[in-house]
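The structure under discussion appears below in the form of structure tokens.
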Amino acid sequence: MNRILIVIGTIAGIILLVPVIPYVSMYGFHWVNSQEVWGQFGDFFGGLLNPIYAFLAFLALLYTTSLQAAEFKRTANSMQQQLDHLKHSAEKEDIFKIIKDIDDDLEAILKTVVSPDGSQTELNVNHIIHEGFRLRNISIKTQSYNDFISLANSSGSIVESVYLRLALSIGSLFRHLNMYYEISNESSYVSDYFRYKYFMVGQLLKDIGNVDEEIYDFFLSANEVHEQQEKSKL
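Going by the UniProt record's numbering, the sequence shown opens with residue 1, and the numbers climb by one from there.
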């Protein structure tokens, strides 16, 4: 039992002994058989003790009510935490689904053929991306890479439309990976995976332009992190 309720009960028990003292002082230790005397005695102490007991009962009721209110608050907080967790998990799952959809779109874009009609070698966007990254530190690029850069900046060309799809998808992936990382409260495994998967795209975006530096650096830096991790294992 709660300590405060024990104290209230103890006080009530002690008060029960109060009538004994005046009874002994008035009649001694002899039993009085007069109903009139007992009636007067009872009326006096009833009028005296009833308000006290009523007050103690009120205190006990007030305290138990406060306990119930505190318990209700704890229960409500617990339920709210559960609801927040469910909402958080659902939001996290929705963002991850969007990331997977973007990933599927990017894989389709990378397979898009961009070599000129009649070309003996079939080149897709993925070939161009690898070529650009391989030659990133070389000032003179290959003809196919330079042609792609030129066409990507040519309004109305097929290559331009492919590049715009690529840039928009990478930008969307950048935003949703950051959103996922912010709400997941976990390690950055998901973000690191997709950053490294598309880090070569960052070089192409950098060479062509028309994309925020923050976006292509986000993906390019993943390769640097990966290389540092590999060196630390040696």
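Glycine included, C-beta positions come from ideal geometry on N, C-alpha and C. This structure is a prediction, so every number in the text was calculated from the model and none was measured.
Exercise. Going by the CB atoms, is the gap between residue 132 and residue 212 shorter than 7 Å?
Worked result: no
Problem set entry | In DSSP terms, what residue 113 is bridged to | 124
Exercise. From residue 158 to residue 144, what distance separates their C-alpha atoms?
Worked result: Note on geometry: alpha-carbon atoms of residue 158 and residue 144 lie some 15 Å from one another.
Exercise. Between residue 128 and the rest of its own chain, which residues show a CB-CB distance below 8 Å, the 5 nearest in sequence each way excluded?
Worked result: Only 114, 144, 145, 148 and 204 meet the Cβ criterion.
For this session: Give me the Cα-Cα distance between residue 173 and residue 140, rounded to the nearest whole angstrom.
Result: 31 Å
Problem set entry | Nearest-angstrom Cβ-Cβ length linking residue 168 and residue 191, presumed shorter than 8 Å | So it is not a contact: roughly 19 Å between Cβ atoms.
For this session: Assign residue 189 to buried or exposed, taking buried as 16 or more other Cβ atoms, counted over all protein chains shown, within 10 Å of its Cβ.
Result: exposed
For this session: Take residue 68 and list the residues in its own chain whose beta-carbon comes closer than 6 Å to its own, dropping the five residues that flank it on each side.
Result: none
Exercise. Is the CB-CB distance between residue 180 and residue 102 below 7 Å?
Worked result: no
Problem set entry | Under the three-state DSSP convention, the category residue 138 falls into | coil
Exercise. Secondary structure at residue 162, three-state DSSP: helix, strand or coil?
Worked result: helix
Exercise. Do you know offhand how far residue 60's Cα is from residue 3's?
Worked result: 12 Å
Exercise. Expressed to the nearest angstrom, what Euclidean distance is found between the alpha-carbon atoms of residue 162 and residue 82?
Worked result: Answer to the nearest angstrom: the Cα atoms are 45 Å apart.
Exercise. In angstroms, rounded to a whole number, what distance separates the CA positions of residue 112 and residue 105?
Worked result: 11 Å
Exercise. If residue 166 and residue 201 are in contact, beta carbons under 8 Å, what's the gap, nearest whole angstrom?
Worked result: With 8 Å as the limit, residue 166 and residue 201 qualify as a contact, their Cβ atoms being about 7 Å apart.
Exercise. When DSSP labels each residue in this structure, what does residue 221 get in the three-state scheme?
Worked result: helix
Problem set entry | Alpha-carbon spacing of residue 116 relative to residue 90, whole angstroms | 46 Å
For this session: In angstroms with no decimal places, state the Cα-to-Cα distance between residue 175 and residue 134.
Result: 27 Å
For this session: State the Cα-Cα distance for the pair residue 78 and residue 219, rounded to the nearest angstrom.
Result: 40 Å
Exercise. Going straight from the alpha carbon of residue 93 to that of residue 126, what length do you get?
Worked result: 29 Å
Exercise. Do residue 195 and residue 222 come within 7 Å of each other at the CB atom, strictly closer than that value?
Worked result: Yes. Within cutoff.
Exercise. Roughly how far, in whole angstroms, is the beta-carbon of residue 170 from the beta-carbon of residue 198, given that I think they are within contact range, below 8 Å?
Worked result: 7 Å
Problem set entry | Nearest-angstrom Cβ-Cβ length linking residue 215 and residue 88, presumed shorter than 8 Å | That pair is no contact at about 27 Å.
Problem set entry | Sequence-distant residues of the same chain with beta carbon closer than 8 Å to residue 66, five excluded per side | Taken in chain order, the list of residues that qualify is empty.
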